[in-house]
Structures are given as C-alpha cells and as structure tokens.
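Everything below concerns the one structure shown next.
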Amino acid sequence: AEFSPKATRGRYVCAQLSTLNFGIMLVYWMDYAFSTISKGPETSFVWRVPTILQCIFLIPMIVIIFLIPETPRWLAAHDRNEECLEVLRRMHRHKMDDQTIKAEHELIVRTVALETAAGAGSWKDLFRSDDYANTLFQSSLGFDANLSGLMAGFLNTWFFLASFIPWFLIDRIGRRPLLLSMISVMAAVMVVQCGLIYQVQHNTAIAKSAGAGAAAMLFIFQGAFTIGFQATVWVYPSEILPLKARQKGSSISTAANWICNFIIVYITPPAIRNIGWRTYIIFAVLNAAWVPIIYLFFPETKGMALEDVDKIFGNDEVIEAMLAEKHVEIEEVEDHRKG
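Residues in the sequence shown are numbered consecutively from 301, following my numbering.
Next comes the structure, spelled out in structure tokens:
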C-alpha cells in the first residue's frame with residue numbers, strides 16, 4: 301500500500317493476490333495428480349515431489365527480498381530521511397519531476413514527525429491453510445473422494461480466475477461497495493445452502509439436483525469472497541490505520557485472518573458430522589452480521605493518500621498544519637503520481 305499510487309493501490313494488491321491464488325491452484329492440481337499414487341516404490345513421491353517443487357519458487361524469493369527497499373514512511377519514521385528521498389526517487393523517477401518528489405518527501409517526513417510527537421503507537425491504540433473445500437464436497441454433498449478432489453481443484457481454479465475481477469473494480473467503485481455487496485451475496489448463498497444440504501442429507505426426491513445446486517453455491521460463494529474480500533482485507537488495514545499503529549495493526553489483521561482460517565478449517569468437519577446442514581445457518585448468521593458493521597464503521601478509502609486518512613476521523617489539523625507551513629499541495633503531488 302505504501303509503494304503504490306493511491307489511484308491504483310487496490311489493483312496492485314489484487315495482482316499480488318492473483319499470483320497467490322495461482323499458487324494455490326497449482327498446489328491443488330499437483331496434490332490431485334499425485335494422490336493417484338497409492339502403492340509401490342513411488343508412494344513417497346506423493347509428498348516428496350510437491351515439497352521439492354516449492355523450492356523452485358522459494359529460492360528466487362529469498363534473493364529478491366534483499367533487493368526490495370524499505371518503505372519511505374518506515375525510513376522516515378526511523379530518521380533515515382535521505383534514504384526515504386532516494387527510495388521515492390527510485391519509485392517515481394519516470395512519473396514525477398524532482399521538485400514534486402521532494403514535496404512528497406517533505407509531506408511524509410512531516411506527517412511522521414507529527415505522529416511521533418503524538419506518541420509511539422501501542423497495542424492499545426488499535427482498540428480505541430489448509431482449505432476445507434474437499435471436506436465440503438465429500439462430507440456435505442456426499443461426493444466420493446476422487447470427485448471431491450476433482451471439484452476442489454476446479455473450485456480453486458475458479459478462485460484464481462475470479463481474482464482478476466477486482467482488478468477492474470476495487471479502485472473504480474471503491475472498497476465499501478465491494479465489501480457490502482459481496483458479504484450480502486455470501487450470506488444469501490449460505491441461507492440457500494442450508495436448504496440444499498438439507499435435501500441432500502435427508503435423501504429427498506430432489507437430493508441429486510440439490511447436490512448439484514449446492515456445489516454451484518460453493519462456486520458462487522468463492523467468487524463473491526474473491527471479488528469482495530480477498531484483496532480488500534489486505535489493502536484496507538494498511539490504508540485505514542495511522543502511521544504509528546500501522547505495523548501493529550497490520551500484524552493483528554494478518555494474524556486474525558489466518559487464525560479465522562484455522563478455526564473454520566478445524567471446526568467445519570466435526571460441525572458437519574454432528575449438526576449437518578445446520579452448520580450453514582451459523583455461517584449465514586456470521587456473514588449477515590457483518591453487513592451493518594461494514595455499513596456503519598468502514599469508511600471509504602478509495603483514491604485517498606495515506607496521509608489524508610486521518611481526515612476521516614477528524615484529524616484535519618495534522619494535514620492542515622503541514623500545508624500551512626510548507627505549502628505542500630497534496631493534490632498536485634498525487635496528480636503527478638497518477639501521471
């Protein structure tokens with residue numbers, strides 16, 4: 301978020317997550333391919349080959365990490381202002397003239413100074429993979445192991461393809477519309493899923509059709525999540541948090557994301573075994589509960605400079621003080637960044 305221009309910040313995060321989804325898709329199809337090896341000396345290939353193949357991507361990443369600079373705001377926060385300016389020049393040398401780069405540097409440095417003067421961010425400031433697709437297809441819908449694995453592969457292929465859709469939406473229509481519309485779709489899908497799974501598990505006259513419909517609902521849910529949430533929940537915390545709380549807040553949001561993933565993966569199989577179709581009532585309620593929360597408490601950040609976000613919470617004096625002292629025009633800086 302700190303390296304990206306405000307006008308296309310969301311798209312950059314979407315691109316990052318599309319590559320993540322591509323990796324997930326590869327892993328699923330790789331696991332499905334090797335799952336057919338059940339006996340013989342090649343049995344160990346089931347886990348050896350996928351493990352070795354990961355190194356093809358990990359080793360270059362280790363090298364690339366050393367080439368990535370620290371973010372300008374982090375450098376400014378650690379009194380490395382010259383390095384901050386140099387990073388800005390590297391980022392924008394083809395888009396902005398040196399005077400505009402210096403103006404943005406001045407804005408960042410003074411914002412950091414004001415944040416520092418207000419006190420170091422504390423944890424208190426923040427409060428003022430496994431995947432279970434196979435389980436859903438097998439336990440809820442009654443598919444056999446081979447078909448469940450195949451459907452899980454298709455689902456994660458759709459996960460990858462759907463991740464390109466928010467590229468064209470997140471910076472055009474904004475974060476709030478995506479979150480509100482897609483969480484509503486996700487809640488509705490879970491409600492429909494309750495009825496369909498009931499038909500399947502009670503083997504009614506329409507059980508076969510209901511099973512196909514329930515499988516389709518999983519694809520709709522996955523698409524809604526990917527479009528509305530996958531990229532947004534990564535870009536939004538880094539936008540909404542003030543500088544002094546950004547590192548801690550982003551850490552908590554990332555941890556919360558994976559903890560929730562772990563909880564869902566851990567509780568879903570026993571929940572389906574014990575309460576069956578009623579499991580989806582819980583998911584429907586949890587999704588629906590977020591609609592008023594997002595509507596009331598999630599402001600729009602589309603197209604805003606990170607230094608401008610404090611204005612949402614009534615901290616206009618932070619930016620106004622800098623403008624009065626140095627006559628730094630934020631709009632002019634950002635126009636150059638977009639250009």
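Where a beta carbon is used, it is the ideal one built from N, C-alpha and C, also for glycine. Since we're looking at a predicted model, the values are computed, not measured.
Using DSSP with H/G/I as helix, E/B as strand and the rest coil, what is residue i?
i      : result
Ala605 : coil
Phe525 : helix
Ala531 : coil
Asp430 : A caution first: Asp430 carries a pLDDT of 41, below 50, which makes its placement in the model unreliable, though a value can still be read off. DSSP places Asp430 in coil when its eight states are reduced to three.
Gly323 : helix
Asn381 : helix
Asn503 : coil
Asp397 : coil
Cys314 : helix
Asp471 : coil
Ser448 : helix
Glu404 : helix
Phe460 : helix
Ile352 : helix
Should residue i go down as buried or exposed, given a rule of 16 or more other Cβ atoms within 10 Å for buried?
i      : result
Leu358 : exposed
Asn321 : buried
His405 : buried
Gln522 : buried
Cys384 : buried
Phe459 : buried
Arg348 : exposed
Pro646 : For the chain, the structure presents residues 301 to 639; residue 646 sits outside this window and is missing.
If we ignore side chains and look at the alpha-carbon of each, how far apart do residue i and residue j end up?
i      : j      : result
Ser538 : Asn557 : 14 Å
Thr532 : Thr319 : 15 Å
Val327 : Pro350 : 8 Å
Asp379 : Ile552 : 25 Å
Leu407 : His392 : 15 Å
Ile483 : Phe334 : 36 Å
Gln399 : Glu386 : 13 Å
Ala512 : Met451 : 11 Å
Ile559 : Met361 : 25 Å
Which same chain residues, not among the five before or five after residue i, have their C-beta less than 6 Å away from its C-beta?
i      : result
Gln530 : Leu317
Asn456 : Ile324, Met325, Tyr328
Ile401 : Leu388, Arg389, His392
Thr554 : none
Glu632 : Reliability fails at Glu632, whose pLDDT of 49 lies under 50, so the model's placement of it is uncertain and the value that follows must be treated cautiously. Here the set comprises nothing.
Val313 : Ala531, Trp534, Val535
Starting from the C-beta of residue i, find all residues in its chain whose C-beta is less than 7 Å away, skip the five residues before and the five after it, and write them out in chain order.
i      : result
Gln493 : Ala514, Met517, Tyr580
Ser429 : Confidence in Ser429 is poor, its pLDDT being 40 and thus under 50, which makes the residue's placement unreliable; the coordinate value appears in the next sentence. Excluding positions up to five away in sequence, the list reads Asn561.
Gly310 : Ile470, Asp471, Ala531, Val535
Arg475 : Thr532, Tyr536, Glu600, Thr601, Lys602
Gln499 : Ile506, Ala507, Ala510
Val609 : Glu539, Ile540, Thr601
For residue i, which residues of its own chain have a beta-carbon under 8 Å away from its beta-carbon, when the five flanking residues on both sides are left out?
i      : result
Ala315 : Trp467
Arg578 : Cys494
Arg390 : Pro369
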